[in-house]
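Novice:
Number of protein chains: 2
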Amino acid sequence: MIMELDYQSEVPVYLQIRNEIVKGIGRGQIDFGEQLPTVRSLAADIGVNTMTVSKAYKLLDQQGYIVTDRRRGAVVCAKNQMPDFASNEGHRKELILLASEAALGGCSREEFLDMCREAYVET
Amino acid sequence: MIMELDYQSEVPVYLQIRNEIVKGIGRGQIDFGEQLPTVRSLAADIGVNTMTVSKAYKLLDQQGYIVTDRRRGAVVCAKNQMPDFASNEGHRKELILLASEAALGGCSREEFLDMCREAYVET
DNA sequence: CCTTTTGTATTATTTATTATAATACAAAAA
DNA sequence: TTTTTGTATTATAATAAATAATACAAAAGG
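Sequence lines, in order, name chains A and B.
Position one of the first sequence corresponds to residue 1 (UniProt numbering), numbered consecutively onward.
Position one of the second sequence corresponds to residue 1 (UniProt numbering), numbered consecutively onward.
#1: So with Cβ pairs under 8 angstroms, would you call residue 66(B) a contact of chain A?
#2: Let me confirm a value: residue 101(A) is counted as buried when at least 16 other C-beta atoms fall within 10 Å, else exposed. Which label applies?
#3: Which residues mark the beginning and the end of the alpha helix (DSSP H) in which residue 45(B) is found?
#4: Please classify residue 2(A) as buried or exposed, where buried requires at least 16 other C-beta atoms within 10 Å of its C-beta.
#5: Does residue 7(A) have its Cβ less than 8 angstroms from a Cβ in chain B?
#6: Name, please, each residue of chain A whose Cβ falls closer than 9 angstroms to the Cβ of residue 105(B).
#7: Since residue 38(A) and residue 73(A) should fall inside the 8 angstroms C-beta cutoff, what is the C-beta to C-beta distance between them, to a whole number of angstroms?
#8: Got a sec, what are the start and stop residues for the beta strand (DSSP E) residue 76(A) sits in?
#9: For residue 138(A), write down the residues that DSSP places opposite it in a beta bridge.
#10: Got a sec: is the Cβ-Cβ distance from residue 120(B) to anything in chain A below 8 angstroms?
#11: Which of helix, strand or coil does DSSP assign to residue 81(A)?
#12: Below 8 angstroms on the Cβ atoms is my guess for residue 116(B) versus residue 60(A); work out the distance and round it to an integer in Å.
#13: Using a 10 Å radius around the Cβ and a threshold of 16 neighbouring Cβ atoms, would you call residue 80(A) buried or exposed?
#14: For residue 2(B), name the three-state secondary structure that DSSP assigns.
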């Protein structure tokens, strides 16, 4: 599994792993129902501790992106079981902050929306 | 100065202060060129340590939102001096992650753009 | 049966971050 | 001269992040 990590980033590694997997599912590089690599193999691949990957998987499980099972490993949920976006108040607040920064940073509403449109990849 | 802080949040207090000020400027609640409260008064207002507010001001200064001066205090920059948004790669990556989560979470591209449009308040 | 594999729990340790506290400083303004 | 400004300093405490080594329960494969 390809995974771009930035060890200089202020974003913790386990969160970066979580984010990369979410983007992978969103882009279609990881399929719904697909079995993720085991924590041990992924940890070896990217050169981090087993528990760091486990922490990422646990978070993905808690957020409803995957189901982890001691016996079956980690499996991506079905499309219709993914966590709802519109009802997530945290995401709304993130968008408001980003939009504020955009407005201050010289982006008109339409320019901002163009960037948002570009960020959303149709599957 | 009104400031909503969540001490249960995983976002550090100094970052929340920074974010609230950026949103305040973006919403027009804080004017360009306006003098911000002193670190001591804001710290007393919201009940945190002086250095916590100082850290927020220092970050805002480094990012180009305000100018701090030992003698003149903290002053919001002019509109045309605000940090550029479109060229900020970090913001692009944030948008891509959000868009991925939106796509997985049942938001069509248009629904996602509606949320983005709603988040951007015209001044 | 036995071995392997699974995610995770546990314990210990190290490092970095966050926040508080009390003090101090340089320099402009009053 | 005194006050006010942001910030530097030093110390301390609490929390978070990452590593390390080990262990466990339970299913799967042989």
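By construction, the Cβ of each residue, glycine as well, lies at the ideal position given by its N, Cα and C atoms.
Specialist: Taking the definition as stated:
#1: Locating residue 66(B) in the second sequence gives position 66, where the first residue counts as 1. Judged by the 8 angstroms Cβ criterion, residue 66(B) is not in contact with chain A.
#2: Residue mapping note: residue 101(A) aligns to position 101 of the first sequence, counting from 1. Of the residues assessed, residue 101(A) falls on the buried side of the cut-off, its CB having 16 or more other CB atoms within 10 angstroms.
#3: On the second sequence, position 45 is the one that residue 45(B) refers to. Counting along the chain, the alpha helix (DSSP H) containing residue 45(B) begins and ends at 39-46.
#4: The residue labelled residue 2(A) in the question sits at position 2 within the first sequence. Here residue 2(A) is exposed: its Cβ has fewer than 16 other Cβ atoms, across all protein chains shown, within 10 Å.
#5: What you label residue 7(A) is simply residue 7 of the first sequence in a count that begins at 1. At a cut-off of 8 angstroms between beta carbons, residue 7(A) makes no contact with chain B.
#6: One-based indexing of the second sequence puts residue 105(B) at position 105. Listed along chain A, the residues sitting closer than 9 angstroms to residue 105(B) by beta-carbon distance are 82, 83, 84, 85, 86, 87, 88 and 91.
#7: Position 38 of the first sequence, counted from the start, is the residue given in the question as residue 38(A). Position 73 of the first sequence, counted from the start, is the residue given in the question as residue 73(A). With 8 angstroms as the limit, residue 38(A) and residue 73(A) qualify as a contact, their Cβ atoms being about 6 angstroms apart.
#8: Numbered from 1 along the first sequence, position 76 holds the residue referred to as residue 76(A). Per DSSP, the continuous beta strand (DSSP E) segment holding residue 76(A) begins and ends at 73-76.
#9: The requested residue 138(A) does not occur in the structure, where chain A is confined to residues 1 to 123.
#10: Here the question's residue 120(B) lines up with position 120 in the second sequence. Cβ-Cβ to chain A under 8 angstroms: yes for residue 120(B).
#11: By one-based count along the first sequence, residue 81(A) stands at place 81. In the structure shown, residue 81(A) falls within a helical segment according to DSSP collapsed to helix, strand and coil.
#12: Taking the first residue of the second sequence as position 1, residue 116(B) is located at position 116. Taking the first residue of the first sequence as position 1, residue 60(A) is located at position 60. Actually they do not touch by this definition, with Cβ atoms about 25 angstroms apart.
#13: Position 80 of the first sequence, counted from the first residue, corresponds to residue 80(A). By the neighbour-count rule (16 or more Cβ atoms within 10 Å), residue 80(A) is not buried but exposed.
#14: Counted from its first residue, the second sequence places residue 2(B) at position 2. The three-state reading of DSSP puts residue 2(B) in coil, since its state is none of H, G, I, E or B.
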